[in-house]
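For the sequence shown, position 393 matches number 402 in our numbering, and the numbering has no gaps at all. Everything on this sheet refers to the single structure shown next.
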Amino acid sequence: MCGIFGYVSKTPRTAKETLESLRVLEYRGYDSWGVTVRSNKTFLVEKASGKIGSSIVTLPDSTISLGHTRWATHGGVTKENSHPHLSCDNSLSLVHNGIVENYQLLVKNLSKSHHFRSQTDTEVIIHMIEEEVGSHTLKDAVRKVFSKLEGLNAIAVGSGNGEIVVAKNGSPLVLGEGEDVFYLSSDATAILPHTKRVIFLDDGQLATLGKDGIKIFDLKSGNFIRKKLITLDWSVLDNDLGKYPHYLLKEIYEQPKVIRNVANTLVSEAKILATAVEKAKGTFLIGSGTASYACLAATYLFSKIDRHVNTSFASEFVYLEKFLTKKSLVIALSQSGETIDVVEPLNFAKKSGVRIASIVNALGSTIYRMGDIKILLGAGPELAVASTKAYTAKIAFLLLLTFTLANKVKDAQNLLFQAAGEIERILESSNLKKLKNIAKVLASKEHIYTIGRGVTYALALETAMKIKEVSYIHTEGFAGGELKHGTIALIDKGSPCIVFAPNDETYQAIISNATEIRSRGGLIIGIGPTKADVFDHWIEVKDIQEASLIPLVVPAQILGYYLALEKGYDPDKPRNLAKSVTVK
Ligand code: F6R
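Next up, the structure:
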């Protein structure tokens with residue numbers, strides 16, 4: 010959460026470059042933004058609350074710049090609380106991602122001698138560094154101060170002397186080397202337009218960026234660490250909206266390509282993981298939000314091949330991790346590879362000698378690096394906050410995995426190719442028109458229910474998440490059999506319920522559940538291969554056996570998208586959310 014960006018250059022560059030990079034990082038937090046540049050040994054700042062939108066910066070060209078997009082934690086969403094923050098004499102600037110848990114205590118020590126201009130947990134860091142720079146180099150001042158900060162933090166400090174020092178513990182930081190210019194960013198996607206040569210900083214490391222290039226040190230000892238640059242093969246074009254009005258729509262449309270890519274390129278990864286699952290005594294899948302629903306779906310996919318796996322929200326796994334043994338396997342699913350709720354149990358697993366498999370979308374991310382087995386989904390940058398293509402990529406890979414365990418790789422590939430084709434069919438204009446009309450009906454509702462059974466129960470939860478997070482309509486997913494145990498009391502005339510009715514062992518029972526709802530006045534939107542009498546609206550999704558789960562989610566994604574538009578919301582940046590959740 011929060012995006013940070015900066016550069017040190019041998020020749021002056023524009024502040025606009027920083028602002029443009031913040032636009033790429035804005036998915037990490039969009040409560041406010043700010044840019045600073047060095048001018049005559051001190052820093053000038055421009056900042057504002059709200060999204061960047063069409064804002065411009067009028068700061069002069071400079072050899073040092075830092076920028077920040079904020080997801081507020083401590084201190085309201087105001088211009089004053091936006092980063093960058095400056096030292097009292099303006100000779101130092103700071104951007105920060107994380108939470109300084111002990112900031113109140115630290116502020117107490119300095120509040121009399123330093124002028125605080127914000128209510129954030131962040132500002133104290135720059136005043137602490139200001140205290141130390143007189144008697145230390147900037148590198149050592151940052152080391153000293155960073156060791157006093159509690160919590161998971163990444164910082165970048167600009168100095169009037171022409172240097173940037175970054176340090177990290179928990180929050181991500183990537184460094185990039187261009188020609189005569191060195192970059193830092195929370196995410197490689199913002200560095201990619203400038204250079205593909207990057208270094209992912211590890212926790213407990215500090216780096217200096219200056220006229221001598223990038224140098225990395227151990228935070229505790231201060232010792233130099235030799236670290237190689239790696240070359241990313243992502244394309245800059247992946248960040249472009251192209252013909253699409255929003256990233257959410259673009260990423261929904263990219264799914265067929267992503268699914269085919271999983272089928273074509275991840276077969277050997279599926280084999281490696283299948284062997285690990287076979288060897289393990291106890292497999293645990295963990296993830297957060299949408300990734301957790303992919304984990305839940307996996308439990309049903311595994312059960313189809315008569316294997317039991319455990320799953321838990323990553324944030325709840327702390328209460329179950331005692332069941333891990335040295336023979337267990339933890340499979341972590343994450344788009345960003347940075348979700349702290351996932352990183353924490355993985356830290357525990359690592360310390361306990363438990364094998365970890367990481368299934369992530371972001372190369373070089375923390376969770377990717379933590380994996381003993383590393384699987385990259387290859388869905389390309391996902392920039393809309395609501396996850397779509399990374400979710401279907403995870404499901405596609407999990408399907409490939411379970412079929413690999415059953416010695417049916419070719420069957421899995423065939424099903425995935427069919428699923429990709431079916432998504433293309435669903436995204437044809439006649440279907441979109443239908444979904445748009447349904448969205449018009451749903452837009453005025455206060456509540457939407459979604460139901461499924463077996464693997465589509467997991468899908469009902471994901472559908473509810475997708476719709477509520479972009480439309481702000483309360484949407485709740487249930488196992489079809491559960492409504493009659495309480496929730497059915499909420500159904501009255503016109504209550505909409507999305508019903509997943511695939512052509513499998515759940516069909517008869519889910520249609521009965523839909524009928525129970527309709528008898529109480531509910532409005533039934535059926536999604537599946539067969540039109541049932543109980544459906545008021547029907548969205549056809551052809552039967553592709555186990556892979557049906559993949560195209561079945563697409564109408565729900567599109568409904569969410571149209572609902573956001575109907576209600577006048579930005580589908581890419583829902584309120585209160587951020588793409589990469591690096592706070593607990
Ligand atoms: C919802 C969504 C979130 C993420 C969750 C985990 O659309 O995107 O629920 O799935 O925050 O994020 P990752 O997958 O990056 O660990």
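Just so it is clear, CB atoms sit at the ideal spot from N, CA and C, and this is done for glycine as well.
| task | Quick one: residues in its chain with C-beta nearer than 6 Å to the C-beta of S194, no 5 flanking neighbours on either side, listed in chain order? | result | Start at 1 with the first residue of the sequence shown, and residue 194 comes out as number 185. So the qualifying residues of the chain are F14, V183 and I200.
| Is E89 near G160, with beta carbons less than 7 Å apart? | The residue labelled residue 89 in the question sits at position 80 within the sequence shown. The residue labelled residue 160 in the question sits at position 151 within the sequence shown. No, the pair does not count as a contact, with Cβ atoms beyond the cut-off.
| query | From S71, I533 and T67, pick the residue whose C-alpha is nearest to that of R47; which is it? | reply | Translated into positions along the sequence shown, residue 47 becomes position 38. For R47, the nearest C-alpha among the options comes from S71.
| Rounded straight-line distance, which links the Cα of S96 to that of G167 | Within the sequence shown, residue 167 is the residue found at index 158, counting from 1. Within the sequence shown, residue 96 is the residue found at index 87, counting from 1. Between G167 and S96, the C-alpha separation is close to 10 Å.
| said: For V207, list the residues DSSP reports as bridge partners. | reply: Here residue 207 corresponds to residue number 198 of the sequence shown, with the count starting at 1. Note: V207 sits in a beta bridge opposite G185 and I239.
| message | Closer than 5 Å between the C-beta and any heavy atom of the ligand F6R: which residues qualify, listed along the chain? | response | S297, G298, T299, A300, S343, Q344, S345, T348, A395, S396 and V590
| Of the choices K360, Y256 and I314, whose alpha-carbon is the least far from that of K335? | On the sequence shown, position 326 is the one that residue 335 refers to. Ranking the options by Cα distance to K335, first place goes to K360.
| Start-to-end residues for the alpha helix (DSSP H) that takes in D420 | Mapped onto the sequence shown, residue 420 falls at position 411. Looking at the DSSP string, the run of the alpha helix (DSSP H) that includes D420 is V418 to I435.
| What residue range is occupied by the uninterrupted beta strand (DSSP E) comprising F487? | Working through the sequence shown from its first residue, we reach residue 487 at position 478. Counting along the chain, the beta strand (DSSP E) containing F487 begins and ends at H483 to A488.
| message | By alpha-carbon positions, which one of S100, L409, S396 and V450 ends up nearest to E555? | response | Against the sequence shown, residue 555 aligns to sequence position 546. The shortest C-alpha separation from E555 is found at L409.
| Complete beta strand (DSSP E) runs within the segment 61-135 (minimum length 3 residues, chain order) | 71-79 and 101-107
| query | Rounded C-beta distance between V351 and I295? I'm assuming under 8 Å. | reply | What you label residue 351 is simply residue 342 of the sequence shown in a count that begins at 1. What you label residue 295 is simply residue 286 of the sequence shown in a count that begins at 1. The pair is a contact, with the Cβ atoms about 6 Å apart (cut-off 8 Å).
| Can we say the segment 112-129 touches the segment 175-189, given the rule of at least three CB pairs closer than 8 Å? | no
| task | Provide the residue(s) that pair with R47 in DSSP beta bridges, ordered along the chain. | result | Position 38 of the sequence shown, counted from the start, is the residue given in the question as residue 47. Note: R47 sits in a beta bridge opposite F52.
| message | Under 8 Å: do the segment 254-271 and the segment 281-293 share three or more Cβ pairs, one atom per stretch? | response | no
| query | Bridge partners of D227, per DSSP? | reply | Here residue 227 refers to the residue found at position 218 of the sequence shown. In DSSP, D227 forms a bridge with Q214.
| Counted within 10 angstroms of its Cβ, other Cβ atoms place H483 as buried (16 or more) or exposed | Residue numbering aside, residue 483 sits at position 474 when the sequence shown is read from its first letter. Burial call: exposed.
| CB contact flag (A587, V479, <7 Å) | Your numbering for residue 587 matches position 578 in the sequence shown. Your numbering for residue 479 matches position 470 in the sequence shown. For A587 and V479, no; Cβs fall outside 7 Å.
| message | Please report the straight-line C-alpha distance between K331 and G62, rounded to a whole angstrom. | response | For the purposes of this step, residue 331 is identified with residue 322 of the sequence shown, where counting begins at 1. For the purposes of this step, residue 62 is identified with residue 53 of the sequence shown, where counting begins at 1. Cα to Cα, K331 sits roughly 47 Å from G62.
| message | Measuring alpha carbon to alpha carbon, tell me which residue in L338, H145 and S120 is nearest H136. | response | Start at 1 with the first residue of the sequence shown, and residue 136 comes out as number 127. Of L338, H145 and S120, the residue nearest in Cα terms is S120.
| task | Measure the C-alpha to C-alpha separation of S615 and F52 and round it to an integer number of angstroms. | result | Lying outside 10 to 593, the shown extent of the chain, residue 615 is not represented and no answer is given.
| task | Would you please state the rounded distance, in angstroms, between the beta carbons of G532 and P505? I believe it to be under 8 Å. | result | As a working note, residue 532 is residue 523 in the sequence shown. As a working note, residue 505 is residue 496 in the sequence shown. As written in the sequence, residue 532 is Leu, which differs from the Gly given in the question. Contact holds; Cβ gap of about 5 Å.
| message | Please state whether the Cβ-Cβ distance between L228 and A165 is less than 7 Å. | response | Within the sequence shown, numbered from 1, the residue matching residue 228 stands at position 219. Within the sequence shown, numbered from 1, the residue matching residue 165 stands at position 156. Contact: no.
| task | Pick out the complete alpha helix (DSSP H) segments inside the segment 494-555, 4 residues or longer, and give them in chain order. | result | 516-528
| query | Which term fits D196, buried or exposed, when burial requires 16 or more other beta carbons within 10 angstroms of its beta carbon? | reply | For the purposes of this step, residue 196 is identified with residue 187 of the sequence shown, where counting begins at 1. Answer is buried; the Cβ neighbour count reaches 16.
| query | Could you give the distance in angstroms between the alpha-carbon of T487 and the alpha-carbon of G346? | reply | For the purposes of this step, residue 487 is taken as residue 478 along the sequence shown, with counting starting at 1. For the purposes of this step, residue 346 is taken as residue 337 along the sequence shown, with counting starting at 1. Thr is not the amino acid found at residue 487; the sequence shown has Phe there. In a straight line, the C-alpha of F487 is about 28 Å away from that of G346.
| message | Short of 6 Å in beta carbon distance, which residues of its chain neighbour V174, apart from the five on each side in sequence? Order them along the chain. | response | In the sequence shown, residue 174 corresponds to position 165, counting from 1. Counting only Cβ-Cβ distances below 6 Å, and skipping sequence neighbours, we find L147, K148, V151, V166 and T217.
| query | Unbroken alpha helix (DSSP H) runs of length 4 or more, entirely within the segment 18-42: which are they? | reply | 24-34
| query | Is the Cβ-Cβ distance between I382 and I281 less than 7 Å? | reply | The sequence position of residue 382 within the sequence shown is 373, counting from 1. The sequence position of residue 281 within the sequence shown is 272, counting from 1. Closer than 7 Å, so yes.
| message | Rounded to the nearest angstrom, what separates H546 and V327 at their Cα positions? | response | By one-based count along the sequence shown, residue 546 stands at place 537. By one-based count along the sequence shown, residue 327 stands at place 318. The alpha-carbon atoms of H546 and V327 are separated by roughly 42 Å.
| said: As a quick exercise: from E325, T348 and H317, pick the residue whose alpha carbon is nearest that of L338. | reply: What you label residue 338 is simply residue 329 of the sequence shown in a count that begins at 1. Answer by Cα proximity: H317.
| task | Please name the residue or residues paired with Y16 in a DSSP beta bridge. | result | In the sequence shown, the residue the question calls residue 16 occupies position 7. Bridge partners of Y16: S74 and Y192.
| query | Is T308 near T299, with beta carbons less than 7 Å apart? | reply | Position 299 of the sequence shown holds residue 308. Position 290 of the sequence shown holds residue 299. Their beta carbons are not under 7 Å apart, which means T308 does not touch T299 by this criterion.
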